[in-house]
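Reading through the structure tokens given below for one structure.
Residue numbers (UniProt numbering), protein chains in the order written: chain X, 1 to 319; chain P, 1 to 250.
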């Protein structure tokens, strides 16, 4: 690994983030409610970063990310339940996590191969439909618990095991950031910038579109697995298109092709509904308004004058 | 080296290119000229697989290449630039060339994701190769600039550099001097000659700038309404009365 200034800064930021959360959990500053948000934040970061690979770096709009998440969540939960009495919980969890990721990646391949011929709006609609199909199938099947959902999933990835969740999140971020700054990442970005030119210099567009899709789906699956082992009960309705849109919002707000941006916006937008809890009925309305305001500020002529955005940009360049 | 026989493509009722013949020998600098809308860029798109010809054959070193995809054709050894510049504008100048080294320097996906397993060595190799090519176009001092922020003339040069990075045997240049001033054109002519000698290239170029064409091309073909009007040495062609009529009218 290249050890330079950027790498050191990134490691320091990671350690600081870990120390901060560790202190917050153990000092008792956080209420139960906020403690329970720590893992969902990590899950959302993983979802946002992986979707950014498809949307920000490959340049294709995908509205089915929650579908891949649900595959990871359900498959890992089923495996975990089956293994819970035979293996130690940590081992069972990791096997489940890995299987969840692999299965989601496999579905990413299944969906990726036929739809890679489509682009833009068409691809977006097909991925949206895919997400809904997955949801309907899970709803219909018996062993997934149907619409009642799957319960009694071992609660492995809750805040008490924060270290494990944090490491998995960091690994996800590092792997995807590395990928982007590599031979394969450049090929993916070249397709986004100009697919005709990418073909003309011998880049196999289909191969890289599918690869990006599969990798993103795999990490979404792992995120889903973490989620399932955090809440203990999963229902198909959690993974509907609203969830996909929510992930897309993280990506768009953080900036297409900006990984630190995705991380920050996933953190802010996961916490925001909790901060607004006091507003009761107006909560979702306020959430929407805050979102609109943030989007306008993030994408306007104020852009250069806003210090918040400057830090976003700077961080983005660091990646 | 490149041989087209009876090449043609039809869009609906329009014959954009019709029974076009071309024979380029190795190491030649060949010019393709013609009035606007004559089908020059369509010929390029046929040669690079963007369009599939409806009639005729294209052979590179005797091997039939029509029907192949643009990616395959590039891997066989034809690289091109575009009339309307198509750079990867959100990527740096260096990355634009490095992405074109994709087939030349390879490492597995695992190395990409971990930045280990020989990643640094291969990346260094790519950096060196890319910088060498950028030096030819005096772009090496701008390697960190976003390619979209380069001035127009340098964007054209970078496109040629990117095409060269795929180590082609045949280079197709679509109006390389478009939008350049006379000085820049002069300099470009010199660079084109240089890269041909240095990289053992055969070059086919489309150009409107007659000075450039007459100055560097060894042979010309003139297209008009999708068919070949004349071909031969620049002086023969440019003094051909039919060619003059096609350009200037009766």
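Every residue gets a Cβ at the ideal spot worked out from N, C-alpha and C, and that includes glycine.
Within chain P, the residues that residue 202 of chain X reaches when beta carbons sit closer than 7 angstroms: Chain-order list of chain P residues neighbouring residue 202 of chain X: 71, 74, 75, 102, 103, 166, by C-beta distance under 7 angstroms.
Please go through the same chain and pick out, in chain order, the residues whose beta-carbon is closer than 8 angstroms to the beta-carbon of residue 108 of chain P, but skip the five residues on each side of it. Answer for residue 108 of chain P: 117, listed in chain order.
So residue 271 of chain X contacts chain P; which residues on that side make the cut at Cβ distance below 8 angstroms? None at all; the shortest Cβ gap to chain P is about 30 angstroms.
Determine whether the beta carbon atoms of residue 17 of chain P and residue 9 of chain P lie at a separation below 9 angstroms. Yes, the Cβ-Cβ distance between residue 17 of chain P and residue 9 of chain P is below 9 angstroms.
Strictly below 9 angstroms CB to CB, what residues from chain P border residue 189 of chain X? Within chain P, the residues whose beta carbon sits less than 9 angstroms from that of residue 189 of chain X are 88, 90, 91, 95, 99, listed in sequence order.
Are any of the Cβ atoms in chain X nearer than 9 angstroms to that of residue 137 of chain P? Cβ-Cβ to chain X under 9 angstroms: no for residue 137 of chain P.
If distances are taken between C-alpha atoms only, which option among P:220, P:67, P:94, P:44 comes closest to residue 186 of chain X? The shortest Cα separation from residue 186 of chain X among P:220, P:67, P:94, P:44 belongs to P:94.
Based on Cα-Cα distance, which residue from X:18, X:276, X:60 lies nearest to residue 117 of chain X? Taking only the C-alpha atoms, the option nearest residue 117 of chain X is X:60.
Within 9 angstroms (strictly less), CB to CB, does residue 312 of chain X reach chain P? Unreliable placement is indicated for residue 312 of chain X, whose pLDDT of 47 sits below 50; no coordinate value is reported for it.
Between the alpha carbons of residue 270 of chain X and residue 34 of chain X, how many angstroms are there, rounded? Those two C-alpha atoms are separated by around 11 angstroms.
Mind listing the chain X neighbours of residue 112 of chain P? Cutoff is C-beta to C-beta under 8 angstroms, in chain order. Against chain X, the beta carbon of residue 112 of chain P has neighbours under 8 angstroms at 178, 179, 182, 183, 184, 185, listed in chain order.
Quick one: what does DSSP say residue 101 of chain P is sitting in, helix, strand or coil? DSSP places residue 101 of chain P in coil when its eight states are reduced to three.
Residue 83 of chain P (DSSP reduced to helix, strand or coil): If DSSP states are grouped into helix, strand and coil, residue 83 of chain P belongs with coil.
Indicate whether at least one CB of chain B lies closer than 9 angstroms to the CB of residue 194 of chain X. Note that chain B does not occur in the displayed structure, where the protein chains are X and P.
Find the nearest neighbour of residue 162 of chain X within the set X:37, X:293, X:289, judged by alpha-carbon distance. That would be X:37, whose Cα lies nearest to the Cα of residue 162 of chain X.
In its own chain, which residues sit with a C-beta less than 8 angstroms from the C-beta of residue 198 of chain X, not counting the 5 before and 5 after it? So the list reads 187, 190, 191, 205, once near-sequence residues are dropped.
Can you tell which of X:17, X:138, X:210, X:56 has the C-alpha that lies nearest to the C-alpha of residue 69 of chain X? Residue X:138 is the option with its Cα nearest to residue 69 of chain X.
Beta-carbon neighbours of residue 162 of chain P, restricted to chain X and to distances below 7 angstroms: From the beta-carbon of residue 162 of chain P, the residues of chain X found nearer than 7 angstroms are 201.
Selected residue, minimal CA-CA separation from residue 292 of chain X, among X:281, X:249, X:278, X:282: Comparing Cα positions, the closest option is X:249.
Looking at the secondary structure, which residues open and close the alpha helix (DSSP H) in which residue 229 of chain P lies? Here residue 229 of chain P belongs to no alpha helix (DSSP H); instead the beta strand (DSSP E) covers 227-232.
Can you find a C-beta in chain P that's less than 9 angstroms from the C-beta of residue 237 of chain X? Taking Cβ atoms only, chain P never reaches closer than 9 angstroms to residue 237 of chain X, which makes this a no.
Looking at the structure shown, is residue 306 of chain X part of a helix, part of a strand, or coil, going by DSSP? In this prediction, residue 306 of chain X has a pLDDT of 43, which is less than 50 and means its spatial position is unreliable; what the coordinates show is noted afterwards. Correct three-state label for residue 306 of chain X: coil.
Determine the chain X residues that contact residue 80 of chain P at a beta-carbon separation under 7 angstroms, and present them in chain order. Contact note: residue 80 of chain P reaches chain X through 200, using a C-beta cutoff of 7 angstroms and chain order.
Touching by the beta-carbon criterion (3+ pairs, under 8 angstroms), the segment 42-54 of chain P and the segment 70-77 of chain P: Taking 8 angstroms as the limit for Cβ pairs, the verdict is that the segment 70-77 of chain P does touch the segment 42-54 of chain P.
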